[in-house]
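J.:
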Amino acid sequence: MSANNAPILITGASQRVGLHCAERLLDDGHGVILTFRSEKPALQRLRERGALTLQTDFRDEASILAFITELKTHTDSLRAIVHNASAWFAEAPGEEATAFTQLFTVHMLAPYLINLHCAELLQRSEQADIIHISDDVVRKGSGNRPAYCASKAGLDSLTLSFAARFAPAIKVNGIAPALLMFNEEDDAQYRAKALSKSALGFEPGPQVIYQSLRYLLDNPYITGTTLTVNGGRHLK
4 MSANNAPILI TGASQRVGLH CAERLLDDGH GVILTFRSEK PALQRLRERG
54 ALTLQTDFRD EASILAFITE LKTHTDSLRA IVHNASAWFA EAPGEEATAF
104 TQLFTVHMLA PYLINLHCAE LLQRSEQADI IHISDDVVRK GSGNRPAYCA
154 SKAGLDSLTL SFAARFAPAI KVNGIAPALL MFNEEDDAQY RAKALSKSAL
204 GFEPGPQVIY QSLRYLLDNP YITGTTLTVN GGRHLK
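According to this note's numbering, the stretch in the sequence shown is residues 4 to 239, in order.
1) Whose CA, out of Ala25, Ser199, Ser80, Ile134, lies closest to the CA of Asn222?
2) Which term fits Asn8, buried or exposed, when burial requires 16 or more other beta carbons within 10 angstroms of its beta carbon?
3) Answer with buried or exposed for His77, where buried requires no fewer than 16 other C-beta atoms within 10 angstroms of its C-beta.
4) Which first and last residues belong to the beta strand (DSSP E) in which Ile225 is found?
5) Am I right that Asn176 and Leu219 are in contact with their C-beta atoms under 8 Å? What's the rounded C-beta distance?
6) Measuring straight from C-alpha to C-alpha, what distance separates Ser5 and Tyr193?
7) For Arg40, I'd like the list of residues in its chain whose CB is within less than 6 Å of its CB, leaving aside the five on either flank, ordered along the chain.
8) For Tyr115, collect the residues of the same chain with a Cβ closer than 7 Å to its Cβ; drop the 5 residues on either side in sequence, then sort them by chain order.
9) In angstroms, rounded to a whole number, what distance separates the CA positions of Gly53 and Ala181?
10) Relative to the C-alpha of Met184, which candidate in Asn233, Ile117, Asp31, Ala95 has its C-alpha closest?
11) Specify the secondary structure class of Thr38 as computed by DSSP and reduced to three states.
12) Closest by CA to Val109, which one among Ala122, Cys152, Arg82, Gly144?
13) By DSSP's criteria, Asp132 is part of a beta bridge. Which residues make up the other side?
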């Protein structure tokens with residue numbers, strides 16, 4: 004594949020924000036390679052539009068390295084890597100170590116190994132970016148989900164370290180969103196409480212993340228930065 008037409012890899016893009024970003028990247032004329040854990044109805048639509056979909060589960064080092072090997076059979080260059088894959092589950096009593104290990108693997112080990120082993124693919128593109136999708140919760144910590152919060156904080160640290168390591172050939176930045184979109188089962192009381200936590204007080208939808216992603220891809224003079232997309236939660 005020509006470096007001028009190098010695709011963008013986005014992990015965890017079968018639903019919600021990842022899906023929206025994959026669709027918008029296709030709208031903007033980019034080739035897209037995306038990962039998914041389980042089949043979702045929207046994936047076929049993406050395939051019909053030309054996206055390459057690779058099923059994988061970043062559950063351990065072996066699965067991550069196997070994915071990297073498979074990826075390199077499909078392309079010899081990448082325009083960008085967007086680390087969107089995420090895990091979200093409770094740290095049940097007696098299972099804290101397992102939860103921490105799983106969250107660390109998805110949020111830190113997978114981006115770490117993919118960045119290291121795919122840097123050569125990015126360096127073959129005229130422009131190259133790595134973007135980590137973090138979480139605004141890192142700003143203040145979480146008493147309810149400390150392992151989730153810690154692993155996302157580690158991802159923010161990787162943004163700084165890889166930005167220093169890969170400059171000037173590859174820009175490395177992050178995006179830290181707060182509430183973006185509700186689930187269908189969220190009741191009115193929960194929605195009102197969640198919206199009250201931000202100064203702007205509305206549900207923005209996934210498009211604000213694509214706007215942030217687009218900004219980082221298009222601006223040639225930003226690296227080592229994490230954009231906060233939280234509706235002004237830090238003001239309350």
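Just so you know, even glycine gets a beta-carbon here, dropped at the ideal spot from N, CA and C.
T.: Let me lay it out:
1) Along the sequence shown, read from residue 1 onward, the residue named residue 222 stands at position 219. Selected option, being the one with the closest Cα: Ile134.
2) Looking up residue 8 in the sequence shown gives position 5. Looking at its Cβ environment, which holds fewer than 16 other Cβ atoms inside 10 Å, Asn8 is exposed.
3) Here residue 77 refers to the residue found at position 74 when the sequence shown is read from its first residue. His77 comes out exposed.
4) As a first step, residue 225 is located in the sequence shown; it is residue number 222 there, counting from the start. No beta strand (DSSP E) holds Ile225; DSSP gives it neither H nor E.
5) Here residue 176 corresponds to residue number 173 of the sequence shown, with the count starting at 1. Here residue 219 corresponds to residue number 216 of the sequence shown, with the count starting at 1. The pair is a contact, with the Cβ atoms about 5 Å apart (cut-off 8 Å).
6) Position 2 of the sequence shown holds residue 5. Position 190 of the sequence shown holds residue 193. Confidence in Ser5 is poor, its pLDDT being 40 and thus under 50, which makes the residue's placement too unreliable to answer from.
7) Indexing the sequence shown from 1 puts residue 40 at position 37. Only Asp60 meet the Cβ criterion.
8) The residue given as residue 115 occupies position 112 in the sequence shown. Excluding sequence neighbours, Tyr115 sits near Leu161.
9) Against the sequence shown, residue 53 aligns to sequence position 50. Against the sequence shown, residue 181 aligns to sequence position 178. Distance between the alpha carbons of Gly53 and Ala181 is about 31 Å.
10) The residue given as residue 184 occupies position 181 in the sequence shown. Nearest option by C-alpha distance: Asn233.
11) As a working note, residue 38 is residue 35 in the sequence shown. Strand at Thr38.
12) As a first step, residue 109 must be located in the sequence shown, where it is residue number 106. Closest by alpha carbon: Cys152.
13) Within the sequence shown, residue 132 is the residue found at index 129, counting from 1. Per DSSP, Ala83, Lys174.
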